[in-house]
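Q:
Protein chains: 2
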Amino acid sequence: MDPAKPAAIRSFVSVGPDSHFPIQNLPYGVFQPRSAGAPQIGVAIGDQVVSLAVLEDRGLVRVSDRPVFDKPTLNAFMALGPAAWHQVRATISKLLSADEPSLRDNAALREHAFFAQKDVHMRLPVDIGDYTDFYSSREHATNVGTMFRGADKALLPNWLYLPVAYHGRSSSIVISGTDVRRPCGQMSASDTGPPSFGPSKALDFELEMACIVGSGNDLGRAIPAGKALDHVFGMVIFNDWSARDIQRWEYVPLGPFLGKNFGSSISPWVVPMAALEPFRVAGPVQDPPPLAYLQTPGDSAYDIQLDVSLQGPRMDAPHRICRSNFKYLYWNIAQQVAHHTVNGCNLRTGDLLASGTISGPTADSYGCLLELAWKGTRPLEFPNGETRTYLQDSDRVSMTAWCQGNGYRVGFGEVTGRVLPAIIE
Amino acid sequence: MDPAKPAAIRSFVSVGPDSHFPIQNLPYGVFQPRSAGAPQIGVAIGDQVVSLAVLEDRGLVRVSDRPVFDKPTLNAFMALGPAAWHQVRATISKLLSADEPSLRDNAALREHAFFAQKDVHMRLPVDIGDYTDFYSSREHATNVGTMFRGADKALLPNWLYLPVAYHGRSSSIVISGTDVRRPCGQMSASDTGPPSFGPSKALDFELEMACIVGSGNDLGRAIPAGKALDHVFGMVIFNDWSARDIQRWEYVPLGPFLGKNFGSSISPWVVPMAALEPFRVAGPVQDPPPLAYLQTPGDSAYDIQLDVSLQGPRMDAPHRICRSNFKYLYWNIAQQVAHHTVNGCNLRTGDLLASGTISGPTADSYGCLLELAWKGTRPLEFPNGETRTYLQDSDRVSMTAWCQGNGYRVGFGEVTGRVLPAIIE
């Protein structure tokens, strides 16, 4: 499938050209009807959700001896592996196509299986085991390094040789729409202490995307780069909320901790890697060439457009403050997976690998306020006269992502969250 | 209960004075009879295991409407909270006491409920959500800082103000007895690259202990230091295997990753905090005084003796290479919990908080080979003439821990593991 060609396949469900959810996408999510009913797995199409639990119950989708779609997470389905993912995707694509009568012409079944997206409550789609955060944007690492160490020492010696990463916190990953509490913590203006304690004054977002691991590897056995994508089920948008002042005081020598682990937000629909396949593009030239275990010939990046908007409580509307693209990342997904497991570390179904902040080459493509307002020195200006260097209470941050085809989009919907004031106890 | 007094309570089960598992201990574990049967929860006493699943089934132990002990992990039981933990502990203590006939005089029930420890296979006792590794030994942080930054810059400015920590990898935590594969990875002798790739040449152990979180907190709500211990179910011994060469090249600026996440080992028996209560002692003097949220008046440390032994494939017996004590830690458990959650980060049932390497003041009390052999400059010598600076293939590392009472021990058993050679692919 070539994204420059008009979409050949059409659904009997009406889908506008700007919708994120045409039949080319078919992302998976966990939803609960607002009226009643248990959490279950569905697929988005246009402004609808199709319940896979219903289709499985009726025998229209069947991938295992036991039901896997009447579940509160995608884990049981993902654990079946890539052959099962492809089989289910092909089945759903056929069931929703304009030519296929089994759903199209069965009004009673459609009544039972279809829900308007506005009438459902989306839940965290995955039971996340371990969450890893990479640091794969050269522009982001360079900008942050320049601010804190100077331009000549911006990139540390290891950065061009390996996809730097650290382990993050799974427990505080929340679904889009969840408000996020401003954290309290220690901070030190001088970096040498003594610290003060209080609400963070440098609350930030980070524009990231994240892969969901569908099938893992045994402890002690690496995943070669050439097989890495067989282990990845799909992707979501990821907002890694960050408290820069807390982070800065705590992070030496063992890395970020309380500056990051108070909350991260993900978008509800997991876009399968198969839906992103037409949007593969070449990634940045890698020089020095990666070590053998990190080599990934061919188009290893994905052309995914990214937008961030901010709306303060006294603003009429959200205002775009960043436009970036997933293809800017220096280290690609296959390299991240190969590196993560080269020492034998085991990935498991449901693990989440986030990209790190995705900044582009221009000042309006930086993926966090630290960079956009350049460490507080270039405040962002908004139409109502307000400015921002970091987030204020009640600010709402929304991120969206989509691949642009000819007359259609494969999109991720959005991840949104609002800042709640700190609790002073 | 005062550890200097002889143990007043006795069990009808015979327990020697050096056993780790007298009636004063009653640690929980998950076992599977080697003959047959499902994983279930038991309590160690002497050289026996008592099946709580059997006692629950017979109505002798009952803590919830639903069974919680016929499970493959402790999570369901732990999630009931501290009142339930105390009730069950009191019940088991009574059932096993010399004065109580219900088990003592029922040979048929004992036949069904008791297993010899040598006849059972121990499993990972907990479904671990997030694993956090602290860095709470001042001696360890000072030694490592001295080696890598010089004595004048050994402790970084934040160290005396907060319990430094980072998130580790849950997926690769294994039960005692599991062999651990030597990892491959990037390393650079010069710290500036270009790196080489291959098996780690600086494989190390780290002597740690870890708390298991029994009941968590809501996202956004801190746990005050004074309530912290209500959230901790118990403790285990923890070996945080580390590849120093991989760690050193990768760890700036975001902390350890592949140098640590290839494997960590825990002991199988979770010793309840109630069993450790008699062994509370004063911790190190903290100067500067901690910020208000980190203040913990009273005896906040635990006197737990720690031993590490090493046996190479050509050695006749294990040789002790370290004797340390949990009481040396600068930051105590309540401070770790209070700090971890002060930003609103949520702990969950089953989370694991490791202490960091526990080094004491003398050269024979250092908790890892990096310190014991002082970065390779002072090789350890063994009776058969061999030396070690780091671990060799087939070396076995075993750690044990116990509190010494008057005529009895409250112990942790051991955590042991052997090094397997790297896989070269």
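Chain order of the listed sequences is A and B.
Mapping the first sequence onto the working numbering, position 176 (from 1) lands on 178, and the numbers just tick up by one.
Mapping the second sequence onto the working numbering, position 420 (from 1) lands on 422, and the numbers just tick up by one.
Backbone N, C-alpha and C define an ideal beta-carbon position, used for all residues, glycine too.
This structure is a prediction, so every number in the text was calculated from the model and none was measured.
1) Which bits of chain B does A/VAL421 rub up against, with CB to CB less than 9 Å?
2) Compare the C-beta of B/PRO430 against all C-beta atoms of chain A and say whether one is closer than 8 Å.
3) Measure how close the beta-carbons of A/CYS100 and A/ARG12 come, nearest whole angstrom, since I'm counting them as under 8 Å.
4) What does the alpha-carbon distance come out to for the pair B/ILE214 and B/ASP353?
5) What are the complete alpha helix (DSSP H) segments, minimum 4 residues, inside the region 119 to 172 of chain B?
6) Any beta carbon from chain A within less than 8 Å of B/GLY257's own beta carbon?
7) Let me check understanding here. Comparing Cα to Cα, which of B/PHE117, B/THR194 and B/ALA212 lies closest to B/PHE136?
8) What does B/SER99 touch in chain A if you count any residue whose Cβ is under 7 Å from its own?
9) Verify the CB distance criterion: does A/VAL417 have a CB-CB separation below 8 Å to chain B?
10) So, is the C-beta of B/TRP251 closer than 8 Å to a C-beta in chain A?
11) Does the count of Cβ pairs from the region 120 to 139 of chain B and the region 262 to 281 of chain B closer than 8 Å reach three?
12) What's the gap between the Cα of A/ALA230 and the Cα of A/GLY222?
13) Are the C-beta atoms of A/HIS123 and some chain B residue less than 8 Å apart?
14) Which residue marks the beginning of the beta strand (DSSP E) containing B/ASN327, and which one marks its end?
15) Measuring CA to CA, which of B/ASN219, B/ALA227 and B/ARG390 is closest to B/ARG316?
16) What does DSSP give as the partner residue(s) for B/ASP309 in the beta ladder?
17) Compare the C-beta of B/ASP132 with all C-beta atoms of chain A and state if any pair is closer than 8 Å.
18) Quick one, are the C-beta atoms of A/GLN249 and A/PRO255 less than 8 Å apart?
19) Check the Cβ-Cβ distances between A/TYR304 and every residue of chain B, and say whether any is below 8 Å.
20) Checking contacts by CB at 8 Å: is B/GLN119 closer than that to chain A?
21) Starting from B/THR75, trace the alpha helix (DSSP H) in both directions and tell me its first and last residue.
22) Give, in chain order, every residue of the region 319 to 351 of chain A whose Cβ lies closer than 8 Å to some Cβ of chain B.
23) Find the residues of chain A that neighbour B/CYS186, judging by a C-beta separation of less than 9 Å, and give them in chain order.
24) Applying a beta-carbon distance threshold of less than 8 Å, which residues of chain B neighbour A/LEU260?
25) Shorter than 8 Å from the beta carbon of B/PHE264 to some beta carbon of chain A?
26) In three-state DSSP terms, what is B/VAL421?
27) Starting from B/ALA227, follow the alpha helix (DSSP H) in both directions and report where the run begins and ends.
28) For chain A, is any of its Cβ atoms less than 8 Å away from the one on B/ARG246?
29) For B/ASP2, which of helix, strand or coil comes out of DSSP?
30) Is the CB-CB distance between B/VAL90 and B/VAL65 below 8 Å?
31) Tell whether a beta-carbon distance below 8 Å holds between B/LYS329 and B/TYR295.
32) Check whether the Cβ of B/ASP193 lies closer than 8 Å to any Cβ atom in chain A.
33) What residue does the alpha helix (DSSP H) around B/PRO103 start on, and which one ends it?
34) If you scan the region 6 to 50 of chain A from start to end, which runs of the alpha helix (DSSP H) of 4 or more residues do you find wholly inside it?
35) Could you tell me the distance, in whole angstroms, from the CA atom of B/ASN408 to the CA atom of B/ALA10?
36) Going by beta-carbon coordinates alone, are A/GLU208 and A/THR379 separated by less than 8 Å?
A: The answer reads as follows:
1) Those within 9 Å of A/VAL421 in chain B number zero; the least Cβ separation is about 12 Å.
2) The displayed coordinates of chain B run from 3 to 427. Any statement about residue 430 of chain B would go beyond what the structure contains.
3) Checking the sequence shown, residue 100 of chain A turns out to be Ala, not Cys. Indeed they touch by this definition, with Cβ atoms about 5 Å apart.
4) 6 Å
5) 140 to 151
6) yes
7) B/ALA212
8) Chain A residues near B/SER99: none, gap ~39 Å exceeds 7 Å.
9) no
10) yes
11) yes
12) 16 Å
13) no
14) 321 to 327
15) B/ARG390
16) B/ARG325 and B/THR402
17) yes
18) no
19) no
20) no
21) Per DSSP, B/THR75 belongs to no alpha helix (DSSP H) and is neither H nor E.
22) HIS341, HIS342, VAL344, ASN345, GLY346, CYS347, ASN348, LEU349 and ARG350
23) ALA224, TYR295, VAL344, ASN345 and GLY346
24) HIS341, HIS342, VAL344, ASN345 and CYS347
25) yes
26) strand
27) Careful: B/ALA227 lies outside any alpha helix (DSSP H) and carries neither H nor E.
28) no
29) Because chain B in this structure spans residues 3 to 427, residue 2 of chain B falls outside the shown range and cannot be described.
30) yes
31) no
32) yes
33) 103 to 106
34) none
35) 10 Å
36) no
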